[in-house]
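Enquirer: Under my numbering, the first residue of the sequence shown is numbered 164, with each subsequent residue one higher. Questions regarding the structure given below will be posed in turn.
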Amino acid sequence: MQRSISREWQSGKLSVALFCVLTLITAVVSATGQNVQFADDALEAIVRNAVGKESGLLTAEDLEVLAELHASDAGITHLDGLEFARNLRVLDLERNGLISAAPLSDLTQLEVLNLNDTGIRTMQYLRKLTHLRELRLAGNRIGDLEPLANLTQLEVLHLQGNGSSEISVVKAFTKLRVLNLRGNFIQDVSPVIGLVELEELHLGDNHLNDLSQLSDLTKLRLLSLDRNEIADLSPLAELVALEKLWLSANEITSIEALRGLAQLVELDLAHNRVADLSPLVGCQQLEILRTSWNPLSSLDALGSLSSLRMLDISWTSARDLSPLQSAGMLSSLEASGNRIASLASLCELQHLRTLNVSGNEISDLSPLSGMESLNYLNIGSNRIEDLSPLVGCSGLNILLAPDNNVKELTTLSVPDGLQWADLSGNELRVIPDLSQWMHLVRLDLRHNLICDLSPLVAARCAGHSRGGLAVDLRDNLLDTTPGSQAMTDLSALESCGTVVVYDTTLCERYGICKYVDL
């Protein structure tokens with residue numbers, strides 16, 4: 164009797180075990196073979212393309228092969244169905260108007276997630292994504308960041324433009340190398356004190372006035388602090404690994420703390436109150452320097468910066484450019500709105516490609532005559548009468564010379580590559596000979612004294628022209644009454660592929676007002 168009961172019990176136990184195994188197998192088969200329904204057609208199309216299955220039923224097994232999915236700017240609103248892509252490592256959903264991020268909670272293998280500008284407000288669905296190394300959440304107006312506290316493997320975190328001043332959660336991310344907190348109304352950055360692995364920190368456009376919490380972040384290579392309320396830079400003195408430092412739009416008067424930052428490659432000091440640049444003499448690696456809108460007393464300190472490639476000294480009351488003679492590698496110089504009368508110091512800068520000296524007191528362009536590399540030249544609002552020295556600027560594509568005293572262009576042999584010329588606001592009575600201006604597409608002659616279009620007709624309708632040309636002749640002396648010679652010439656020019664704008668209505672019709680008004 165007992166043996167019989169034992170056999171029955173054992174038999175029953177075996178049956179139960181077998182049932183459990185079969186149930187498990189069925190569940191696995193069911194899970195892998197489960198049909199996946201997407202609520203969003205745009206997302207489904209992207210997934211189908213990624214798995215190589217343009218038609219037919221999609222199954223969970225199909226989605227399990229996905230390791231990366233890039234779906235930015237796709238018009239996606241719903242993520243339902245994506246939860247089956249459980250092996251995803253990289254997911255990019257930037258600039259989609261997401262209703263909910265709930266399906267992401269199952270994607271626990273994610274290492275890189277981009278949710279920039281997706282409209283999400285809550286982080287609760289990201290709690291379990293503990294393998295994340297890179298997370299981008301910019302522009303989402305997220306109120307509570309605490310659900311991110313478990314993501315301790317993060318190395319890159321972008322939280323810019325969320326409007327959240329409470330950033331205490333970041334102190335948990337001790338592996339961070341890159342942290343972007345730009346535009347968040349932050350006043351206190353003490354949570355970053357322990358983030359000693361940081362190499363890149365963006366704190367621009369906040370309300371910071373105390374940098375003392377940053378003094379131990381000695382691995383920083385890039386530090387962005389623009390658009391704050393900073394006056395004291397002394398906490399930065401120990402950050403000797405810095406290569407890029409952005410400090411524009413603050414309340415800085417002294418840069419003495421930067422004297423020892425010998426590794427600096429890029430420095431932005433624009434819109435401050437700095438008068439003395441001498442602390443930069445030891446920054447021999449500097450290639451990019453922006454000092455516009457500072458009351459600089461002298462440019463002498465720049466004489467030792469032989470590595471400079473880009474320099475902006477606009478609106479600094481600069482008069483003397485001679486310290487730049489040794490800046491032989493300079494390729495871009497912005498020096499508008501100053502009191503510069505002479506360009507003689509620039510004649511040796513043969514690598515110069517971009518030069519803006521508008522709004523100065525310049526009358527002589529001869530120092531530029533041999534600059535074959537010059538591509539862009541803005542000499543607007545000066546005292547220039549003669550453009551002929553530019554004959555040697557064979558690489559010139561854009562010439563902006565408005566509001567000068569140019570009366571004629573007969574002596575100017577324009578470089579063959581010139582594409583855009585702005586000669587508005589001068590004293591021209593005759594349209595220049597355009598037969599050599601073979602590649603010109605925009606010519607601005609507004610606010611001159613021109614009344615005769617025949618030179619333009621001769622140049623454009625005699626087989627010399629290539630392609631289309633738009634000429635702006637508003638505010639000149641053209642007789643545009645019906646039947647006039649000017650109107651006859653305008654008709655001829657139109658047939659030759661040349662658009663001449665002589666009033667605002669035509670300018671808007673041809674869509675060039677904004678372009679030529681730049």
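No residue lacks a Cβ here, since even glycine has one placed at the ideal position from N, Cα and C.
1. Taking all protein chains shown into account, decide if G260 is buried (16 or more other Cβ within 10 angstroms of its Cβ) or exposed.
2. Inspect the beta-carbon positions of I503 and M473 and report whether they are closer than 9 Å.
3. On the three-state DSSP scale, how would you describe D269?
4. Quick check: the Cα distance between R211 and F201, rounded to an integer number of angstroms?
5. Using beta carbons (cut-off 9 Å, strictly below), is L563 in contact with chain C?
6. Is L608 helix, strand or coil when you go by DSSP?
7. Helix, strand or coil: which one does DSSP assign to M286?
8. Got a sec, what are the start and stop residues for the beta strand (DSSP E) V620 sits in?
9. Where DSSP assigns a beta bridge to L563, which residues make up the other side?
10. Helix, strand or coil: how does DSSP classify L185 here?
11. Using the Cα positions of A420 and P442, report the straight-line distance between them to the nearest angstrom.
12. Got a sec? Which residues, its chain only, sit under 6 Å from D566 by beta carbon, not counting five neighbours each side?
13. By Cβ distance, which residues of its chain are closer than 8 Å to K334, with the 5 residues on each side in sequence left out?
14. Answer with buried or exposed for D579, where buried requires no fewer than 16 other C-beta atoms within 10 angstroms of its C-beta.
15. Taking DSSP's pairing of strands, which residues face L232 in a bridge?
16. Taking buried to mean at least 16 other C-beta atoms within 10 Å of its own C-beta, is V228 buried or exposed?
17. With burial defined as no fewer than 16 other Cβ atoms inside 10 Å of the residue's Cβ, what is the status of T661: buried or exposed?
18. Please identify the residue among G631, M601, L320, L427 whose C-alpha is closest to the C-alpha of V403.
19. Run through DSSP, which three-state label would L408 get?
20. If you count every other CB in all the chains shown that lies within 10 Å of the CB of D368, and 16 or more means buried, which is it?
21. Among residues of its own chain, excluding the 5 on either side of V604, which ones have a beta-carbon nearer than 8 Å to its beta-carbon?
22. From K407 to L385, what does the alpha carbon distance come to, in whole angstroms?
23. Would you mind giving the Cβ-Cβ distance between N303 and N325, rounded to the nearest angstrom? I have them listed as a contact below 8 Å.
24. Let me check understanding here. Comparing Cα to Cα, which of V253, T281, S327, S328 lies closest to R296?
25. Measuring straight from C-alpha to C-alpha, what distance separates F247 and A208?
26. Taking only the alpha-carbon atoms, compute the straight-line gap between D549 and K570 and give it to the nearest angstrom.
27. In angstroms, rounded to a whole number, what distance separates the CA positions of S480 and V664?
28. Look at the Cβ atom of L612, then the Cβ atom of L586, and state whether they are nearer than 9 Å.
29. Looking at C-alpha atoms only, which residue of A213, K216, I239 is the closest neighbour of D203?
30. Which residues in the same chain have their Cβ closer than 6 Å to the Cβ of S467, if we skip the five residues on either side of it in sequence?
31. Assuming A622 and D596 form a contact by the criterion Cβ under 8 Å, report the distance between their Cβ atoms to the nearest whole angstrom.
32. Candidates C614, S469, L267: which alpha carbon is nearest H514's?
33. Rounded to a whole number of angstroms, what is the C-alpha to C-alpha distance between G282 and E363?
34. Check for me: the beta strand (DSSP E) holding N519 runs from which residue to which?
35. In whole angstroms, what is the alpha-carbon distance linking D487 and S508?
36. From which residue to which residue does the alpha helix (DSSP H) around V214 run?
Expert: Quick answer:
1. Looking up residue 260 in the sequence shown gives position 97. Result: exposed.
2. Here residue 503 refers to the residue found at position 340 when the sequence shown is read from its first residue. Here residue 473 refers to the residue found at position 310 when the sequence shown is read from its first residue. Between I503 and M473, the CB-CB gap reaches or exceeds 9 Å.
3. Here residue 269 refers to the residue found at position 106 of the sequence shown. Of the three classes helix, strand and coil, the one that applies to D269 here is helix, per DSSP.
4. One-based indexing of the sequence shown puts residue 211 at position 48. One-based indexing of the sequence shown puts residue 201 at position 38. Here the C-alpha atom of R211 lies approximately 11 Å from the C-alpha atom of F201.
5. As a matter of chain content, chain C is missing from the structure shown, which is built from one protein chain.
6. As a position in the sequence shown, residue 608 is number 445, starting the count at 1. Looking at L608 - three-state DSSP - the assignment turns out to be coil, as it is neither helix nor strand.
7. Working through the sequence shown from its first residue, we reach residue 286 at position 123. Three-state DSSP puts M286 in coil, outside helix and strand.
8. Here residue 620 refers to the residue found at position 457 when the sequence shown is read from its first residue. Annotation: V620 is outside any beta strand (DSSP E); the continuous alpha helix (DSSP H) that includes it extends over 617-623.
9. Counting from 1 along the sequence shown, the entry for residue 563 is found at position 400. As computed with DSSP, L563 is found in a beta bridge with N541, D585.
10. By one-based count along the sequence shown, residue 185 stands at place 22. Low confidence applies to L185: its pLDDT is 37, below 50, so where it sits in the model is not reliable, and the reading given next is rough at best. It is helical.
11. For the purposes of this step, residue 420 is taken as residue 257 along the sequence shown, with counting starting at 1. For the purposes of this step, residue 442 is taken as residue 279 along the sequence shown, with counting starting at 1. Approximately 8 Å, taken between the alpha carbons.
12. Along the sequence shown, one-based indexing puts residue 566 at 403. Excluding residues up to 5 positions away in sequence, G543, S544, G588 lie with their Cβ nearer than 6 Å to the Cβ of D566 in the same chain.
13. Locating residue 334 in the sequence shown gives position 171, where the first residue counts as 1. Annotation for K334: P354, V355, I356, G357, L358 place their beta carbon closer than 8 Å to its own, counting only its chain and skipping 5 residues before and after.
14. For the purposes of this step, residue 579 is taken as the residue at position 416 of the sequence shown. With fewer than 16 Cβ atoms within 10 Å of its Cβ, D579 is classed as exposed.
15. Numbered from 1 along the sequence shown, position 69 holds the residue referred to as residue 232. The partner list for L232 (beta bridge, DSSP) reads L254.
16. Along the sequence shown, one-based indexing puts residue 228 at 65. Flag for V228 reads exposed.
17. Here residue 661 refers to the residue found at position 498 when the sequence shown is read from its first residue. The C-beta of T661 has 16 or more other C-beta atoms within 10 Å across all chains shown, which makes the residue buried.
18. As a working mapping, residue 403 is identified with position 240 in the sequence shown. Cα-wise, what sits closest to V403 is L427.
19. Here residue 408 refers to the residue found at position 245 when the sequence shown is read from its first residue. Three-state result, L408: strand.
20. Residue mapping note: residue 368 aligns to position 205 of the sequence shown, counting from 1. That one is buried.
21. To locate residue 604, count along the sequence shown from 1; it is residue 441. Scanning its chain for C-beta atoms nearer than 8 Å, with the 5 sequence neighbours on each side dropped, one finds around V604 the residues Q582, W583, G630, G631, L632, A633, in chain order.
22. As a first step, residue 407 must be located in the sequence shown, where it is residue number 244. As a first step, residue 385 must be located in the sequence shown, where it is residue number 222. It is roughly 5 Å from the alpha-carbon of K407 to the alpha-carbon of L385.
23. In the sequence shown, counting from the first residue as 1, residue 303 sits at position 140. In the sequence shown, counting from the first residue as 1, residue 325 sits at position 162. Contact flag correct, Cβ pair sits at about 6 Å.
24. Here residue 296 refers to the residue found at position 133 when the sequence shown is read from its first residue. Looking only at V253, T281, S327, S328, the smallest Cα-Cα distance to R296 is reached by V253.
25. Along the sequence shown, read from residue 1 onward, the residue named residue 247 stands at position 84. Along the sequence shown, read from residue 1 onward, the residue named residue 208 stands at position 45. Distance from the CA atom of F247 to the CA atom of A208, rounded to whole angstroms, is 16 Å.
26. Residue mapping note: residue 549 aligns to position 386 of the sequence shown, counting from 1. Residue mapping note: residue 570 aligns to position 407 of the sequence shown, counting from 1. D549 and K570 have their C-alpha atoms roughly 8 Å apart.
27. On the sequence shown, position 317 is the one that residue 480 refers to. On the sequence shown, position 501 is the one that residue 664 refers to. Cα to Cα, the separation comes out at about 38 Å.
28. In the sequence shown, residue 612 corresponds to position 449, counting from 1. In the sequence shown, residue 586 corresponds to position 423, counting from 1. No, they are not a contact pair.
29. Numbered from 1 along the sequence shown, position 40 holds the residue referred to as residue 203. Nearest C-alpha to D203: I239.
30. Position 304 of the sequence shown holds residue 467. Counting only Cβ-Cβ distances below 6 Å, and skipping sequence neighbours, we find V444.
31. Sequence index remark: in the sequence shown, residue 622 carries index 459 (1-based). Sequence index remark: in the sequence shown, residue 596 carries index 433 (1-based). Indeed they touch by this definition, with Cβ atoms about 6 Å apart.
32. The residue you call residue 514 lines up with position 351 of the sequence shown. Answer by Cα proximity: S469.
33. Taking the sequence shown and counting its residues from 1, the one referred to as residue 282 is at position 119. Taking the sequence shown and counting its residues from 1, the one referred to as residue 363 is at position 200. Cα to Cα, G282 sits roughly 26 Å from E363.
34. Taking the first residue of the sequence shown as position 1, residue 519 is located at position 356. It spans 517-519 - the beta strand (DSSP E) in which N519 sits, taken as one unbroken run.
35. For this step, residue 487 is matched to residue 324 along the sequence shown. For this step, residue 508 is matched to residue 345 along the sequence shown. Looking at the sequence provided, one finds Leu at residue 487 rather than Asp. Linking L487 to S508 through their CA atoms gives a straight-line distance of about 7 Å.
36. Start at 1 with the first residue of the sequence shown, and residue 214 comes out as number 51. From DSSP, the alpha helix (DSSP H) with V214 extends over 204-214.
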